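Those protein sequences? They're chains A and B, same order as listed. Per this note's numbering, the first sequence starts with residue 946, numbered consecutively. Per this note's numbering, the second sequence starts with residue -18, numbered consecutively. All residues carry an ideal CB built from backbone N, CA and C; glycine is no exception. A quick note: this is a predicted structure, and the numbers were derived from the prediction, not measured.
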Amino acid sequence: MSYYNNSGGYNNPAYHDSDTLQIDRSPPRKSQHGNPHGNPYPREDGAVLRERSDLHQLPGGGQTISDDAQGRVPWGGLQEESWRGEDCLPVGLLPPQSESPQWQHDFSHSGYQVDQKAHYDTTPLVRLPSTTSGHVSMRFRGSRKMSLFPVGEAALCNLGLSEDDVKNEMDNEEENLIKELVAMSTRDRIKAIRDLPMTFADKKHIRGQVLVFKSFKKSQKWNCFADCSKTVTLSFRRCGANMTLAGQTLELWRGTMKEVGGKFGTGVLSYFKFLKWLLMFNIFSFLVNFGFITIPQLVSDPVISAEVNFKGLELLTGAGYFNQTVLYYGGYSNESQGTENKPEYNMQLAYFFTIAAYMLLCGAALIYSMARSFRKRFVLDDKASGGAWQLLCTWDFNVTNERAVRQRKNNLSIQLKESLSDNIRLALLPLSDRLKHYAVFLGTWLLSTAVAVGCGAAIYFLCQYEKEAVNKSSGSLVDEASTLLLPFVVSLVNLVVPLFYSLFRKIEVYSNPRMQVYVIILRNVILKMSILGILCYYWVTDVAEQFPCWEAVVGQGLYRLVVMDFLFLMLGSFFGEFLSNVIGTNCIQSLGVPEFDIARNVLDLIYAQTLAWIGIYFSPLLPVIQIIKFFVLFYLKKVSLTRNCQPPRRAGRAAQMQTIFIAILFFPSFVGAVSLLAYTVWTIPPSESCGPFRGLNTTFSAVHIWIHDLEDVNSARWTVWVFQHVIQSEIFYFLITLIIIVFIYIFWQITQGRKQLIALLRQQIVNEGKDKAFLLEKLQDLQKSKHSKPKPKKETGNRPENESSPGLLQALLARQQMEEEEGRSSTFGVSMPSDRSTSTTSSTMVHAMLLRQQADSQAGSYRGVPFPAEYPALSPTSALIQAMQARQMAESEDEHHRTPVPSQNPVNALPSTMIQVMQARQRAQLELDQDEPYRAPDSYDDPILPTSNAMMQVMQARQRAEEEEESYRTPVSPWLAQQQLQDKYNDRY
Amino acid sequence: MGTTASQLGKDLLSEYQELTFLTKQEILLAHKRFTELLPKEDRTVQSTTRLSMEKILSMPELKSNPFRKRICHVFSTSDTKDGSLTFEDFLDLLSAFSDSATLEIKSHYAFRIFDFDDDGTLDGGDLEKLVNCLTGETDDTRLTPEEMRQLIRNILEESDIDKDGTVNLSEFQHVISRSPDFVSSFKIVL
């Protein structure tokens, strides 16, 4: 039997989409009474199902998979555990048939109604205390309802439910949902409704219902306060909405971004997003600096000493004319502005606090976005899952260009083929080859480090040379131009060396292309940071000692670097993309059209931004240059991209790269810039002759002076106190550090715990899968044996027979195994199952199922079939009776253990029960399928009873499982990782 | 755009905002685009106005999408299952594909789009169709039957946690949650 059609149940939506299991809790009553003898299963259904399942068969491939899946399943789970003895009580035999008269009595009277009504109608909604978990369960409901519509229909037909039943059930669902929603606050509710995976009309309906409910409630207790708070919240919400609207309107380059995304996909788009993000940083910094530092300066002292004429070269060098302007630190005065009767504007404090605040905000924004993207993209990424899904589910829906789509398809198919062959190739690699690889790694690393160190040294000597040149300079144009040498070399190194590094790609062999990208990024970062490190060292040691107005000199140096970097970026995109495009298309065809190298380009941006951050203290208006630079760069890159490049061949991983880039921007870049600034502010004496801090020992002493002044002002006592006892006290930092370390430790422990929990839950799922597979196999065996029986001739009226003893035996066997399995799996919890009720319940259920199935199969296989006289006339009902008995037992046990056992590990009982339920259901389907061919046309009316009975049982079993689920929800709540558990449950059921 | 705004009405607009992940502007834009596709004589959008699948698919954003028909079918509320969309269905579509939609929603709809036979589970047939959709139907890009079998086996090995031979919604969501690129790529911008 091939895998995809080995049972109709596989193709039954309701079986898989366990949410749908919910929908038919009540209906059996109806089909029992309303339709006792009519066939509730239209014949077509089975046929359709079969047909469909045939369609699913792979072109000749089904068998392999099925072998694979079954081969590993059946006994492994049972055998790997050694302790199975003690706690598993000997398997009790079912009460023999003779003991069941009382039950039979029951059966004849109340039949299957047992306590269904009670169960059904009174199921209270167990609401969890916290809103979040409430939301979770609600979301779950929502998706459950959702699943009613598209996929549930076939299942409903199969179960023979009338439309009324479905409708009732849905109404009930909806009612619960609405009740939950009404209990929420307005904001939560809006969010919750929005998160429901339903169609718009349904959401609207739900919302309407909730509003009606709400207004009804409101009218009962309506008072002024509620009204007021409502208006306030409403206006707040409006305000928030307007703010976001304004943000939307300001959205820059929306069309361009869309075009780029449509042609080149998300990966390349992320470069442009990054660029835009950095641009926002710079615009903000410009606004802040201009508003709080430059404008006051210009207002108080608008005359710029224009002794030097503007020559044009200043645009490149930043010296000369610009030297005394507000572009640099030197252009600011140290006086407090303002007349005597107006409050003063202290330039020193303004300068210090503006830059400090900007850096602080930058840091906060970086940490925030870094943490967010780490949470989204890194935490759940596990390395074991490579391959196929990654490729399949990252199809870029952004891409709208016809050609790009075709190209993407090509690339994807190549990648898929590669991933298939990779799996085979990776296994074998001789030792000599591996050694060779390691040698190559070592060589390339040594070489790249040597190059970085060499560049650093060269730049250091160049700095020394420049220092002397500036000392000797006579102010001529040539002398001024010679200052451009250093930035020129630095930018050249930045352009050429990365290209050199990328040549290593040809000789290095990595098992993982991602690894390769990381290594290249790492090398480039090392290079850039060593260059910047050398420059900073030169500035804070040599320059700070030698020049009278050294801050302005550093500012000029940074200005030159920024401008030169800009020019080289333009050149870079010319050489890097345009030239290689020309070469690739005209000269050497094999090179092909170049791809846009996201990593290199982003690193360039990061480098540029680092320069801007370092420069903000020395040259407060440097962000202006940076803004112009990024603005031009955006259009330049866009044109270069669309003219010269092709979409990237390798899809995926864009998100992770983005995270890495933000991390790099934070760690060496931002942290480096901040530490340099901090060093400058706290230890280096500012220059004597210029700038706002002239005459002070360090920049920070401006704050000391301010505090000292404040001591005389009564109203500002607290500021002084805070400064002296918090900012300046070691104890405070010591305590803060201690507390943070403790918190880190606690959170770390929590994550460890959660990791364990995840592992456990995964194992659990796997085990459930094994259980299911095992039971399925058992079932198949049974069916095979049934099929192999000689099929007697047709003769209706005679009924099947008591052949239960072998069947029973088998069932018992199965039950025993189940118990063992059950017992084993329950050790996952903290406690061993000292009370056996958990496992008993489920195993009893299994038993019941098996029995029932057996009964049904008997009924099925002999249905409409003649019976030799040698079978004692005990009829299928006996088997059924047994099944019912077992079920009852299960029920009573259920009842019994539900109430008094709070400490039981809830994780265990629940899924297994559910599994059985699903199984039973699936089995019922299966029977349906199988019954069809045997059913002779004239025997239509009699086989219904057992089948519908089976259905009944399934329903009840499901209902019970449902109850169990409800009742377990509460004990689960105190768990540490309760939320997670909930999620797991919901995901699974 | 001013005219469309007045056409939509304030209450309706705020309702749309509340029930979808779209902003006011996006809704207005969607409305504009939707009306443009309607026949010239009758350009008033009512809740019952339906655009046929062909019309919807003529939009450049969906035109070359390999899943365009599936998308229409999944979001259509039409009784005849012809994939036609009302304006609200259309908003639903855009909302699920918008930037701010949650992973939950996105994965839910992705699952339904990939579930070609609408049976609530991704089985071998669905996966095969999915792969064919993504690699294109031409002979040189198509995988050979052998490769396809191997691939599907890999996929199931990777994601079929309970080993029942199919990928159900929760398993699919599990896979998706480990694929960080999904959220950023499952996106359609008008």
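Pairing A/Gln1601 with B/Glu127, the inter-Cα distance amounts to about 32 Å. Counting only the Cα atoms, B/Phe2 lies some 20 Å from A/Asp1341.
From the listed residues A/Tyr1273, A/Thr1339, A/Ser1358, the smallest Cα separation to B/Leu124 is found for A/Ser1358. With respect to A/Leu1429, A/Leu1261 sits close: the two C-beta atoms are nearer than 8 Å. Here A/Tyr1552 has Lys1473 as same chain residues with Cβ atoms under 6 Å from its own Cβ, once five neighbours each way along the sequence are excluded. Around the beta carbon of A/Val1244, fewer than 16 other beta carbons sit within 10 angstroms, so the residue counts as exposed. In this structure, DSSP gives A/Tyr1482 a helical state, which the three-state scheme calls helix.
When Cβ-Cβ separations below 8 Å define contact, A/Leu1429 makes no contact with chain B. Every alpha helix (DSSP H) stretch that sits fully inside the region 16 to 92 of chain B and reaches 4 residues is listed by chain position as 34 to 38, 41 to 44, 49 to 56, 68 to 77. Relative to A/Met1115, the option among A/Asp1147, A/Ala1137, A/Met1129, A/Thr1131 whose CA is nearest is A/Asp1147. Measuring C-alpha to C-alpha distances from A/Ile1570 to each of A/Phe1541, A/Arg1505, A/Glu1363 identifies A/Arg1505 as the nearest. A straight-line Cα-Cα distance of about 15 Å links A/Glu1280 and A/Ser1646. With a minimum length of 4 residues, the unbroken runs of alpha helix (DSSP H) contained wholly in the region 81 to 168 of chain B fall at 84 to 95, 105 to 116, 126 to 140, 150 to 158, 162 to 166. When C-alpha distances from A/Pro1568 are compared across A/Leu1610, A/Leu1232, A/Val1155, the shortest belongs to A/Leu1232. Taking a C-beta cut-off of 9 Å against chain A, the contacting residues of the region 84 to 97 of chain B are Leu84, Glu85, Ile86, Ser88, His89, Tyr90, Ala91, Arg93, Phe95, Asp96, listed in chain order.
Annotation for A/Ile1572: Leu1224, Asn1227, Ile1228, Phe1231 place their beta carbon closer than 8 Å to its own, counting only its chain and skipping 5 residues before and after.
For a Cβ distance threshold of 8 Å, residue set Glu85, Ile86, His89, Tyr90 of chain B lies close to A/Pro1142, ordered along the chain. Between the C-alpha atoms of A/Thr1389 and A/Phe1449 there is a straight-line separation of about 7 Å.
Ranked by Cα distance from A/Gly1275, the options A/Lys1208, A/Gln1501, A/Val1464, A/Tyr1463 are led by A/Gln1501. Segment contact: the region 1120 to 1131 of chain A against the region 45 to 56 of chain B, fewer than three CB-CB distances shorter than 8 Å; contact not assigned.
Cβ-Cβ separation between A/Ser1364 and A/Ala1333: approximately 7 Å, consistent with a contact (criterion under 8 Å). For the pair A/Val1213 and A/Leu1556, the CB atoms are not nearer than the 8 Å cut-off. When C-alpha distances from A/Lys1574 are compared across A/Val1626, A/Leu1705, A/Leu1514, A/Ala1403, the shortest belongs to A/Leu1514.
Within the region 1417 to 1445 of chain A, complete alpha helix (DSSP H) segments of at least 4 residues are found at 1422 to 1427, given in chain order.
DSSP lists A/Glu1540 as the beta-bridge partner residues of A/Gln1591. The shortest C-alpha to C-alpha distance from A/Cys1408 to any of A/Ala1301, A/Val1498, A/Gln1269 is the one to A/Val1498. Counting only the Cα atoms, A/Ile1686 lies some 26 Å from A/Leu1621. Looking at B/Asp(-8), B/Met129, B/Gly105, the one whose alpha-carbon comes closest to that of B/Asn149 is B/Gly105.
At least one CB of chain A lies nearer than 8 Å to the CB of B/Val170. Taking 8 Å as the CB threshold, B/Gly117 lines the interface with chain A.
Per DSSP, A/Glu1722 is one residue of the alpha helix (DSSP H) stretching across 1675 to 1733.
Boundaries of the alpha helix (DSSP H) around A/Leu1621: 1617 to 1628. Taken through DSSP and simplified to helix, strand or coil, A/Met1315 comes out as helix. Shown here for A/Gln1293: same chain residues with a beta carbon closer than 7 Å to its own, the five before and five after excluded, namely Asn1279, Pro1637, Phe1638, Ala1647 in chain order. Selection B/Leu43, B/Arg159, B/Ile8 evaluated against A/Leu1337 yields B/Arg159 as nearest (Cα-Cα). By the Cβ test, the region 1343 to 1353 of chain A is not in contact with the region 99 to 113 of chain B, since fewer than three Cβ pairs between them sit closer than 8 Å.
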